[in-house]
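Taking it in order: structure first as structure tokens, then the write-up.
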């Protein structure tokens, strides 16, 4: 009886561990360090940004533009958007902190259908930008926490050279 009970508990642990693992999809690439690769078309050229969010109870993160310094983000709030009483969409709001001053906002949207959007609003210029997952730049091999912008979805063969 003890052997059957031990086998059952072991099977439940394996099943639960597998079910709780986040899938990596072409729309929402998440790796072990919770780094997301995003891109958007700027006025004249693409803008590349990686968003790193922590695992666990700490919620502050950082963003890094291609070849730029890391910019700290301070977690601000979370909104659950419910339809007919069922939560389907989520928004996490982060404040951009440069020299201990709030210079802008990043809103990280996760929709139930798997689409992820990152919105940036600059307090100085009052402009907003929408970034979308860049599955081409998301690296599947170590170091997975980095984005390979030479393989971005926004680049064609000539621009990546």
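In mature numbering (1 follows the signal peptide of the UniProt record, and there is no 0), the protein residues as written are -19 to -1, 1 to 142.
Each residue gets a CB set at the ideal place from its N, CA and C atoms; glycine is no exception.
Predicted model only: the values in this text are computed from it and were never measured.
Comparing C-alpha positions only, which one of 76, 70 and 95 sits nearest to residue 44? The residue labelled residue 44 in the question sits at position 63 within the chain shown. When only C-alpha atoms are compared, the closest one is 76.
Residue ranges of each beta strand (DSSP E) run of no fewer than 3 residues wholly in the segment 79 to 124, ordered along the chain? 82 to 92, 97 to 103 and 109 to 114, all fully within the segment 79 to 124.
Are the CB atoms of residue 100 and residue 113 within a distance shorter than 7 angstroms? Locating residue 113 in the chain shown gives position 132, counting from the first residue. Locating residue 100 in the chain shown gives position 119, counting from the first residue. No.
Cα-Cα separation between residue 85 and residue 46, rounded to whole angstroms: On the chain shown, residue 85 is found 104 positions in, with the first residue counted as 1. On the chain shown, residue 46 is found 65 positions in, with the first residue counted as 1. C-alpha separation (whole angstroms): 15 angstroms.
Does the beta-carbon distance from residue 90 to residue 109 come in below 7 angstroms? What you label residue 90 is simply residue 109 of the chain shown in a count that begins at 1. What you label residue 109 is simply residue 128 of the chain shown in a count that begins at 1. Cβ distance not < 7 angstroms, so residue 90 and residue 109 don't count as in contact.
Residues in the same chain with beta-carbon distance under 6 angstroms from residue 53, minus the five sequence neighbours each way, listed in chain order, please. Within the chain shown, residue 53 is the residue found at index 72, counting from 1. Within the same chain, residue 53 has close Cβ partners 43 and 78.
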